[in-house]
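Structure, as structure tokens:
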Amino acid sequence: MALPLQHRNNRMMRRQSPSYEQFRAAHRREESGDMPRNVVVHCGWGRFIVGHTFEDDTRLAEAVIAEASGERDIALYVSRPQVVLNHAPQQLFLDPSDTLRIWMSEYTPRHRSLQHVRVRRAVTAADAHAINRIYKKRQMMPIGIEHIVQHRNSKKLLYLVAEESTTGTIVGTVMGINHRTLFKDPCNGSSLWCLAVDPQCKTPNAGEALVRYLVEHMQARGCEYLDLSVLHDNAAAKQLYAKLNFKPIQTFAIKKKNAFNEKLFVGKAPHHKLNPYARIIVDEALSRGIDVSIDDEASNIFTLTHGGRSIRCHESLTDLTSAVTMSLCQSKFLTHRCLQRAGLAIPAFQIHQDFQSSVGFLQQHGSVVVKPADSEQGKGICCDIRDETTLQSAIRTAHQISATVMLESYHPGLDLRVVVIGYEVVAAAIRCPAEIIGDGRTHVRALIEKQSRRRAAATGGESRIPLDDETRRCLQLQGLDWDSVLEEGRTVAVRKTANLHTGGTLIDVTEELHPALAQAAIQAAKALQIPVTGIDMIVPAADQPDYVIIEANERPGLANHEPQPTAQKFIDLLFPLSNRVF
3 MALPLQHRNN RMMRRQSPSY EQFRAAHRRE ESGDMPRNVV VHCGWGRFIV
53 GHTFEDDTRL AEAVIAEASG ERDIALYVSR PQVVLNHAPQ QLFLDPSDTL
103 RIWMSEYTPR HRSLQHVRVR RAVTAADAHA INRIYKKRQM MPIGIEHIVQ
153 HRNSKKLLYL VAEESTTGTI VGTVMGINHR TLFKDPCNGS SLWCLAVDPQ
203 CKTPNAGEAL VRYLVEHMQA RGCEYLDLSV LHDNAAAKQL YAKLNFKPIQ
253 TFAIKKKNAF NEKLFVGKAP HHKLNPYARI IVDEALSRGI DVSIDDEASN
303 IFTLTHGGRS IRCHESLTDL TSAVTMSLCQ SKFLTHRCLQ RAGLAIPAFQ
353 IHQDFQSSVG FLQQHGSVVV KPADSEQGKG ICCDIRDETT LQSAIRTAHQ
403 ISATVMLESY HPGLDLRVVV IGYEVVAAAI RCPAEIIGDG RTHVRALIEK
453 QSRRRAAATG GESRIPLDDE TRRCLQLQGL DWDSVLEEGR TVAVRKTANL
503 HTGGTLIDVT EELHPALAQA AIQAAKALQI PVTGIDMIVP AADQPDYVII
553 EANERPGLAN HEPQPTAQKF IDLLFPLSNR VF
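Position one of the sequence shown corresponds to residue 3 (our numbering), numbered consecutively onward.
Put into structure tokens, the structure is as follows:
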């Protein structure tokens, strides 16, 4: 750990990171003689092992090896990692992370407060559950509910949440440790852990608000600096930290080899360029010892082999789905006819033959949806068409995607995706159209571009908001254009459809799904004879029985529904006798 070389009040002089030996010297100079040694603190997700408080490398290695099952420990500030690893090379590994530091004397507060988000301590069980919800979405280790509640007034551990100002929804979290109060750190340090923002968060700057709050909290308590550990290739996080003036320091972290850390010590797998929808399946397969062969990386096609059985997959589409079923799902017209025969509720529909008949359909229903009959990912779809001019434009747009265009009666409500695997409901989520939030200064186009970048970062580039005619139309319906400036706090939907590929977000509703909706989704899957599908419905609410089914997706994106066990259920279907290696 670094020892400050300049006086605390000398704010303008640039600090250098002192050496590990200086830290040891500081320890030896402690007059009280009662400063703790071999410091280990439990953080809920695992233990923070303070490496430089260990005089003995063997004891430090033993501390890391003693990690409890189901937890994730980390030893930071390790000066001689090669020696520690030598004690247990089969059990320990060097964490591929960088350690960054911000000196409090070099921190610059914002002149304007961050909009639409407020940060506070996590104090209740509900706060703890919200933190775990975000952790699970980010594939992070969940934390004990009681642990957070017990530390709600702690001077050593600080759990923070960021919530949307208007709704109170918790969208981010971070944890801080005050080294001064924890182990009488002579260097007056502190550290940041587990920064996480909900990937569906529409609120800008939630991560920055959490980091700034923590920095200022520790600064007010006399800490000289704040450290953090970040994966070396986490470019988005590093960009945020660089903006706040964090700088790298030379120290190391060591962890124990376990299933949770596997991807950190086995290196890049051959599938690392697959998209998130293929990668989640391949990762689950590999964890069970199932062989993976990448057939076409660019198209996300791979083959899984286990026990003499091989199944080819295109993301969640497999050999188990027949060509006939594929035809039924790809043609929205055939999907509707199949589900109609099964007695399920669907919109009124017709194929566009000529403009006059389509106008008649519009006049009959008042508002319609125009969509290509065989498109995916929301391409070419226009919703809530109410006049002939817009109808003609929408038909022209749909024809650019498909030779066959279909019209449906428009049904207002929430867009619900129900994932059915093996004729069992595995996940359900409300899909929300892309939205932007005004700040009173930035024009609409820039707000859309910023939100699109956030969605792309959260989904591995799979979700972006198109700056196309449909987005322009949705803005015009609200009296806006690209150059409009939204008043602060105003939320505007910039798409009518809620597809994730066009910037939409998901709200998990699996636990509250009404039995009638679950049964309708299962019945639809059976009618189509499809083993893996995403059934799209328009509903007034997820916990009410009313619905109309608008589509059946033969290749649903399983990664969109984490933390629900979509990949696990998918592999269970393909290889029911497989077991996880760890």
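By construction, the Cβ of each residue, glycine as well, lies at the ideal position given by its N, Cα and C atoms.
{"Check": "Anticipated Cβ contact below 8 angstroms, residue 432 with residue 544, distance rounded", "Outcome": "6 angstroms"}
{"Check": "Whole-Å CB distance - residue 402 paired with residue 382, under 8 angstroms assumed", "Outcome": "6 angstroms"}
{"Check": "Residue from 144, 368 and 304 with nearest C-alpha to residue 262", "Outcome": "144"}
{"Check": "Separation of residue 54 from residue 593, as counted between CA atoms", "Outcome": "Past the boundaries of the shown model lies residue 593; the chain is included only from 3 to 584, so the question cannot be answered."}
{"Check": "Selection from 421, 453, 442 and 296 that minimises the alpha carbon distance to residue 435", "Outcome": "453"}
{"Check": "Neighbourhood of residue 215 by C-beta, 7 angstroms cutoff - its chain only, sequence neighbours within 5 removed", "Outcome": "121 and 162"}
{"Check": "Contact between the stretch 221-228 and the stretch 91-105 (3+ Cβ pairs under 8 angstroms)", "Outcome": "yes"}
{"Check": "Residue(s) in a DSSP beta bridge with residue 100", "Outcome": "232"}
{"Check": "Where the beta strand (DSSP E) through residue 298 begins and ends", "Outcome": "293-298"}
{"Check": "Beta-carbon spacing of residue 370, residue 409 below 8 angstroms", "Outcome": "yes"}
{"Check": "Residue from 422, 158 and 347 whose Cα sits closest to the Cα of residue 567", "Outcome": "422"}
{"Check": "Residue 194, DSSP secondary structure in three states", "Outcome": "strand"}
{"Check": "Beta strand (DSSP E) runs wholly inside the stretch 98-163, at least 3 long, in chain order", "Outcome": "99-105 and 119-123"}
{"Check": "Distance between beta carbons of residue 462 and residue 277, contact taken as under 8 angstroms", "Outcome": "6 angstroms"}
{"Check": "Residue 311 in three-state terms, based on DSSP", "Outcome": "strand"}
{"Check": "Residues bridged to residue 44 (per DSSP)", "Outcome": "49"}
{"Check": "Residue 248 beta carbon less than 8 angstroms from that of residue 52", "Outcome": "no"}
{"Check": "Reduced DSSP category for residue 573 - H, G, I as helix; E, B as strand; rest coil", "Outcome": "helix"}
{"Check": "Straight-line Cα distance separating residue 314 from residue 592", "Outcome": "One cannot answer for residue 592 here, as it falls past the ends of the chain, which runs 3 to 584."}
{"Check": "Closest Cα partner of residue 325 within the set 70, 556 and 176", "Outcome": "556"}
{"Check": "Which of helix, strand or coil DSSP assigns to residue 263", "Outcome": "coil"}
{"Check": "Nearest-angstrom beta carbon gap, residue 150 and residue 200 [assumed within contact, 8 angstroms]", "Outcome": "That pair is no contact at about 17 angstroms."}
{"Check": "Closest by C-alpha distance to residue 169, when choosing among 522, 439, 39 and 395", "Outcome": "439"}
{"Check": "Assigned exposure category for residue 472 - 16 Cβ within 10 Å defines buried", "Outcome": "buried"}
{"Check": "Length at least 4, wholly inside the stretch 328-380: the alpha helix (DSSP H) runs in chain order", "Outcome": "334-343 and 357-367"}
{"Check": "The stretch 170-183 / the stretch 43-52 touching (three or more Cβ pairs under 8 angstroms)", "Outcome": "yes"}
{"Check": "Limits of the unbroken alpha helix (DSSP H) element including residue 56", "Outcome": "Counting along the chain, residue 56 falls outside any alpha helix (DSSP H), and DSSP gives it neither H nor E."}
{"Check": "Cβ-based burial, residue 484 [other Cβ within 10 Å; buried from 16]", "Outcome": "exposed"}
{"Check": "Nearest-angstrom Cβ-Cβ length linking residue 393 and residue 407, presumed shorter than 8 angstroms", "Outcome": "11 angstroms between Cβ atoms; not a contact."}
{"Check": "Length of the line joining the Cα atoms of residue 219 and residue 116", "Outcome": "16 angstroms"}
{"Check": "As assigned by DSSP and simplified to three states, the class of residue 83", "Outcome": "helix"}
{"Check": "Option in 206, 504 and 141 with minimal Cα separation from residue 173", "Outcome": "206"}
{"Check": "Residue 86 versus 110, 99 and 57, residue with shortest Cα-Cα distance", "Outcome": "57"}
{"Check": "Rounded separation between residue 29 and residue 141 - CA only", "Outcome": "Residue confidence for residue 29 is low, a pLDDT of 46 falling below 50, so the modelled location carries little weight and cannot support an answer."}
{"Check": "C-beta contact flag for residue 125 and residue 94 at 8 angstroms", "Outcome": "no"}
{"Check": "Cutoff 7 angstroms; reference residue 576; Cβ partners in own chain excluding five residues on either side", "Outcome": "306, 313 and 320"}
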